[in-house]
Every structure is written in C-alpha cells, then in structure tokens.
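Visitor:
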Amino acid sequence: MKNEVAVVIVGAGPAGLATSAYLNLLSISNIILERENCCASLWRHRAYDRLNLHLAKEFCHLPHMPHPPTAPTFIPIKDFIQYLEDYVSHFDVKPKYCRMVESAAFHGKAKRWCVMATNSESGVAKEYSCRFLVVATGENSKEFIPDVPGLESFNGEVLHSSKYKSGSKYSGEAVLVVGCGNSGMEIAYDLASYGTKSSIVVRSLFHVLTKEIVQLGMTLLKSSPCNMVDDLVLSLGKLHFGDMTKYGIVRPSKGPFYLKEITGRSPVIDVGTLKKIKSGDIQVLPELKRVDGNEAIFANGNSHRFDAIVFATGYRSTARKWLKEDDYLLNQDGMPKHDFPNHWKGKNGLYCAGLSRRGLAGLSMDAQNVHVVTKEIVQLGMTLLKSSPCNMVDDLVLSLSKLQFGDMTKYGIVRLSDGPFYLKETNGRSPVIDVDTLKKIKSGYIQVLLELIRFDGNEAIFTNGNSHRFNTIVFATGYRSTTKKWV
Ligand SMILES: Cc1cc2nc3c(=O)[nH]c(=O)nc-3n(C[C@H](O)[C@H](O)[C@H](O)COP(=O)(O)OP(=O)(O)OC[C@H]3O[C@@H](n4cnc5c(N)ncnc54)[C@H](O)[C@@H]3O)c2cc1C
8 MKNEVAVVIV GAGPAGLATS AYLNLLSISN IILERENCCA SLWRHRAYDR LNLHLAKEFC
68 HLPHMPHPPT APTFIPIKDF IQYLEDYVSH FDVKPKYCRM VESAAFHGKA KRWCVMATNS
128 ESGVAKEYSC RFLVVATGEN SKEFIPDVPG LESFNGEVLH SSKYKSGSKY SGEAVLVVGC
188 GNSGMEIAYD LASYGTKSSI VVRSLFHVLT KEIVQLGMTL LKSSPCNMVD DLVLSLGKLH
248 FGDMTKYGIV RPSKGPFYLK EITGRSPVID VGTLKKIKSG DIQVLPELKR VDGNEAIFAN
308 GNSHRFDAIV FATGYRSTAR KWLKEDDYLL NQDGMPKHDF PNHWKGKNGL YCAGLSRRGL
368 AGLSMDAQNV HVVTKEIVQL GMTLLKSSPC NMVDDLVLSL SKLQFGDMTK YGIVRLSDGP
428 FYLKETNGRS PVIDVDTLKK IKSGYIQVLL ELIRFDGNEA IFTNGNSHRF NTIVFATGYR
488 STTKKWV
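Counting from 1 along the sequence shown, just add 7 to a position and that's the residue number in this note's numbering.
(1) For Phe248, which of Gln222, Gly224, Met235 and Val275 has the nearest alpha-carbon?
(2) How long is the line joining the alpha carbons of Gly361 and Asn349, rounded to whole angstroms?
(3) What three-state label does DSSP hand Thr381 in the structure shown?
(4) Just to confirm my understanding: we take Cys359, look at its own chain, exclude 5 residues before and 5 after, and list those with CB closer than 8 Å. What are they?
(5) Go through its chain and collect everything with a Cβ distance to Gly202's Cβ below 6 Å, but skip five positions before and after it.
(6) With a threshold of 7 Å, establish whether the CB of Pro21 neighbours any heavy atom of ligand 1.
(7) Under 7 Å Cβ to Cβ from Arg257, same chain only, skipping five residues before and after it: list those, please.
(8) Taking its Cβ as the centre, do 16 or more other Cβ atoms sit within 10 Å of Val494, making it buried, or is it exposed?
(9) Beta carbon of Leu60, beta carbon of Ile88: below 8 Å?
(10) For Met192, count the other beta carbons within 10 Å of its own beta carbon; 16 or more makes it buried, fewer makes it exposed. Which is it?
(11) Quick one: is Val15 buried, meaning 16 or more other Cβ sit within 10 Å of its Cβ, or exposed?
(12) Could you give the distance in angstroms between the alpha-carbon of Leu456 and the alpha-carbon of Leu403?
(13) Please go through the same chain and pick out, in chain order, the residues whose beta-carbon is closer than 6 Å to the beta-carbon of Gln290, but skip the five residues on each side of it.
(14) What's the C-alpha gap between Leu216 and Gly224?
(15) Please return the same chain residues whose Cβ sits closer than 7 Å to the Cβ of Lys149, not counting the five positions on each side in sequence.
(16) Starting from the C-beta of Ala467, find all residues in its chain whose C-beta is less than 7 Å away, skip the five residues before and the five after it, and write them out in chain order.
(17) Go ahead and pull the three-state DSSP assignment for Cys121.
(18) Would you identify the three-state DSSP class for Leu362, choosing helix, strand or coil?
(19) By alpha-carbon positions, which one of Met389, His97, Met123 and Ala319 ends up nearest to Ile152?
(20) Which residue wins for smallest C-alpha separation from Ser36, given the options Glu92, Asp99 and Cys187?
(21) Taking the alpha helix (DSSP H) that Met235 falls in, what are its first and last residues?
(22) How is Arg51 classed by DSSP in three states: helix, strand or coil?
(23) Determine the contact status of Ser200 and Gly163, defining contact as a CB-CB distance below 8 Å.
(24) Are the beta-carbon atoms of Arg138 and Gly356 separated by less than 8 Å?
(25) Applying the criterion that 16 or more other CB atoms from any shown protein chain within 10 Å of the CB defines a buried residue, is Ser190 buried or exposed?
(26) Rounded to whole angstroms, how far is the Cβ of Pro70 from the Cβ of Ala25, which I believe are closer than 8 Å?
(27) Could you tell me whether any non-hydrogen atom of ligand 1 is closer than 7 Å to the CB of Met107?
(28) CB of Glu65 to nearest heavy atom of ligand 1: below 7 Å?
(29) Who pairs with Asn37 in a beta bridge, going by DSSP?
(30) Pick out the complete alpha helix (DSSP H) segments inside the segment 58 to 133, 4 residues or longer, and give them in chain order.
(31) Roughly how far, in whole angstroms, is the beta-carbon of Val209 from the beta-carbon of Val298, given that I think they are within contact range, below 8 Å?
(32) Heavy atom of ligand 1 less than 7 Å from the Cβ of Ala467, yes or no?
(33) Just to confirm the assignment: which complete alpha helix (DSSP H) runs, minimum length 4, are found wholly within the segment 380 to 422?
(34) Using CA coordinates, which residue listed in Leu33, Ser129, Pro232 and Ala112 is at the minimum distance from Cys121?
(35) Helix, strand or coil: which one does DSSP assign to Ser474?
(36) Rounding to the nearest angstrom, what Cα-Cα distance links Val421 and Met415 in this structure?
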C-alpha cells in the first residue's frame, strides 16, 4: 500500500531529526526513513570510545534546544547521544527504522516524489508518496578506503576509522594510521596512549589548533572578517605549538577558516597528538605508496613493518545512488552543486540538510531552511484550501512565513491583520511571493522608503520629510482596465 505524506526525510541523523522536529512544530505531516535500527547511528556505532564533540557546545546543538548552561563546553559523546534522545522525545520525532531507501523519483504529472524503501527486517518494499523530499543521508554515509597497491597481501588487520574503538587491543603492536584529519590524528594519539608503536601518514598540508582557539575563532567570526580571525588564530596556534615543520607537519599558506569556507576541510583540533609526535611516541610518515605483505612502502622509499592499518580516510555521500532525476541539487558525488548558502534547495520540492560541510551548526541552519518553502508555502496553502477552511490555512501559512522571514516590521514591512488567503478571497489582493527581496532588504542592499509625496528636481520627498536623489524611477503601480472608456 502507498503511504501519502507531505514530506519524506531520508536519514535519521541529527539533520533528519532537526528537520522533522521543525515540521512537527508546524503540524506538517512528515516521515523519516532510516536504514539503521536507531537514530544517530554515526554517533552510536561509528565513533571511537574517546570521542568528544570537537566543537564547543554553542556550535553543536539542534534548533530550539540549546545545551544547558551546566553542560561541559565540549560535550562527551554519551551525553550528546542522550541529548539527541531527549530532542527526539521532546519534539515527538518518530523515525521509521530499518527502512533502506532504494530510489526516489519525481513524477511530474502528479507533482509528487515516489520514494521506495525496503524494510530490512521483513524484506518488504514499500512506496511513499510525498510533495517534498529532504535528503538527510549525510556526508559520512559510506566509508572510503583508497586503492593501495598490494593491500590485499597485508596479513594483519585492515580497518576503517569507523570500526576503530580503542587502542587497548593493539598494545605492543605496530599500527599505521592513514589520514591526518581529526579522526586520524586522534586515533594515532589513542594508539600511542595504549603503548602501541603508532605511526601516521601525513601527505597534505593542514592547520592544527586547540579546541579553545577554534572556539574563540568561531565566536569572533560572527562579527569580524575571516582574514582577521585567521591571522589571530594562526598567531595563537603558532605560539602554542611552535614550528612543527621538522616533524612533517606543514601549514597551508591560506588561513584555517578561509579554507573551511572554500574547501569544507576543517582544521585539525589537537587532543595531544602533537606532543606525542614531538616526543617520538608517534612517527610521522609520508604518503603510503604500496603494501607488500606486512611491509608498508612510503613515498620517500623507506619501508616499515606493521601489524594493523587503520584508514582514517573519510567518507562519501551515497545520495546519488538512490536519488533519481535530479540534475540541479546534487553533483555526481552526492554533494550540493551550489555553494553555501544556496546549497540546500533543489527543484520540485527537493531539499538537502546536512551536506554543507559545516557540521551540526550547518545542518541546524539547513533544517530551518527546509521548512521555509516560500513559493511552496503559497502552493501548499492553495492545495490545502481545496479541503480545509480558509482561516486554518491562513494560520498555517502565516506561521510558516513568520518562521521563514522573522519580524520584518523594523524594516518597514508590516503584515495586515487579516490572513493572506482571506484577503485574496475578499478583495482580490495576492500575497507577495518573495524572490529573495526580503533578504536583500535585511542586508541593506534594498532601502525601504515611506510614501512618496512629491518631487523637487531629481529629489524625491517622502512622508517622513526625508528626501533622496534618484536617476531613474520605475513605477510598479499596477494597471487599470480601460473597458469603462468604450463600453
Ligand atoms: C568522528 C566524527 C566526529 C565528528 N565530530 C563533530 C563535532 O564535534 N561537531 C560537529 O558539528 N560535527 C562533527 N562531525 C560531523 C558529523 O558527521 C555531523 O555533524 C553530523 O553527524 C551529521 O549529521 P547528518 O544527519 O547530516 O548525517 P549522519 O549523522 O551521517 O546521518 C545520516 C543518516 O542517514 C542514514 N542513511 C544513509 N543512507 C540511507 C538510505 N539510503 N536510506 C535510509 N537511511 C539512510 C544513515 O544511516 C544515517 O543515520 C563528526 C563526524 C565524525 C565522523
């Protein structure tokens, strides 16, 4: 049997949960389809034991539920999972688990998405039909391990960082970590803490900062230009760590927040790894070229013997596998085609949340965007009007648009006391459908003026007495019927 719903959200990670919570607040029917048997599976099953949130709590909460003042600045993973469970029950989010979405296609004639999901417990496939579809399957949907020649000849354990739990079982062994992002650097540290001979492959330039410096930078970014913040955090980072070049760790020439902005790559947040590199407890090695039995051969020609290899080489989005007929929102890698902040909105009621490479803060913004369906709000209202009373529809679309645009009174835009569809019905006046004008008003690119009372040369004088000079005037003051003239 087909399930009809307004919105289908694919994925019950933080992005899917936040989107559903928002829609629940607006009483918009929605379903989350999640392939695993729980929500936030990344945090429950694919994280190592010593992981805490890398970013301060003010950048790691979902909409409408900040962490309490008593919570530690850097939240331990078990507390974050508890937070997500509280979030789910508070906003009455009820994902359908063990539903692997296999395909989603838009049917132009019916103007609906058809989503096919297989129940992994019963093996039964079911169709869901919806007007809006939200891709929330994450940037970390599938583990990525690069092709390394000879890897199949390695006799020890080969694993992805998502399967790594703790260094305790490798004590006394030689373990190679490939990848120097946050996971790789922390796993190398964890291994060394358990008395493992820990080595890490570093083949690219990257920034290392402390979590406190990153917190300061993120706070300053709210009010200061990126280049100034980068200069400051770089000076602090250099003071804190000194020159790490001789240990094989070289900083890029561009600043950490600038690089995050344009490439999505985060600076590494040090958990003590650099100290262990300096003391020789962790060995830094260049690019891994090939493997021959238990020997790993590196770009400088040297080879070393290892008992295990951990690939901390990241993840890939898998959205492209199941999302059909979209050539606007996502690229071939299943990531947004358009740059932030225009990355989240596709065509035909398609949206994505959690794919902006901006962590929990970014996915919270996406979740709030998704409910904002501007033109679609009107479309939704017109559809609902077929079966619901005008005052109910007006209440709904007004709540939606207030959430979307916020209070515009201070910018000179004041709503009428009657609802938009009631006014359309009674005096024929349509609501304005925003094409991003309000955004430009808020940012100061468009100036809102009061009633124009007269001209004096090129000066226009307004009811508040102010005058402004203009070169051109466009009257968008409507039309009149001329029938009366000749009937
Ligand atoms: C080790 C690690 C540490 C991190 N630390 C931080 C941090 O401190 N702060 C921060 O902001 N960010 C951090 N991140 C980034 C983090 O991934 C995101 O912030 C967040 O988990 C992303 O949420 P999401 O909902 O977009 O994706 P996910 O959490 O990946 O959720 C996507 C969901 O979609 C489901 N899914 C996928 N495909 C299908 C399908 N076909 N059908 C049905 N369901 C499907 C998955 O099972 C999953 O549950 C970290 C990431 C990692 C890997």
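In this text, a Cβ means the ideal position worked out from N, Cα and C, and glycines have one as well. For clarity, every value in this text was computed on a predicted model and none was experimentally measured.
Guide: In terms of the structure at hand:
(1) Val275
(2) 13 Å
(3) Here Thr381 scores only 48 on pLDDT, less than 50, and its place in the model should not be relied on; the value that follows carries that caveat. Thr381 falls in the helix class under three-state DSSP.
(4) Val141, Val142, Ala143, Ala326, Leu336, Leu337, Pro343, His350, Trp351, Gly353 and Asp373
(5) So the qualifying residues of the chain are Ser178.
(6) yes
(7) Here the sequence assigns Val to residue 257, which means Arg is not the residue at that position. Excluding sequence neighbours, Val257 sits near Leu212.
(8) exposed
(9) no
(10) buried
(11) Residue environment for Val15: buried (at least 16 other C-beta atoms within 10 angstroms of its C-beta).
(12) Their Cα atoms are separated by approximately 30 Å.
(13) Ser206
(14) 10 Å
(15) Cβ within range, chain order: Tyr322, Arg323 and Thr325.
(16) Leu459, Ser474, His475 and Phe477
(17) strand
(18) In the structure shown, the three-state DSSP call for Leu362 is coil.
(19) Ala319
(20) Comparing Cα positions, the closest option is Asp99.
(21) Cys233 to Phe248
(22) helix
(23) no
(24) yes
(25) buried
(26) 6 Å
(27) yes
(28) no
(29) Val14
(30) 84 to 97
(31) In fact, because the Cβ distance is near 18 Å, the residues do not count as touching under 8 Å.
(32) no
(33) Whole alpha helix (DSSP H) segments, 4+ residues: 381 to 392 and 397 to 412.
(34) Ala112
(35) strand
(36) Between Val421 and Met415, the C-alpha separation is close to 7 Å.
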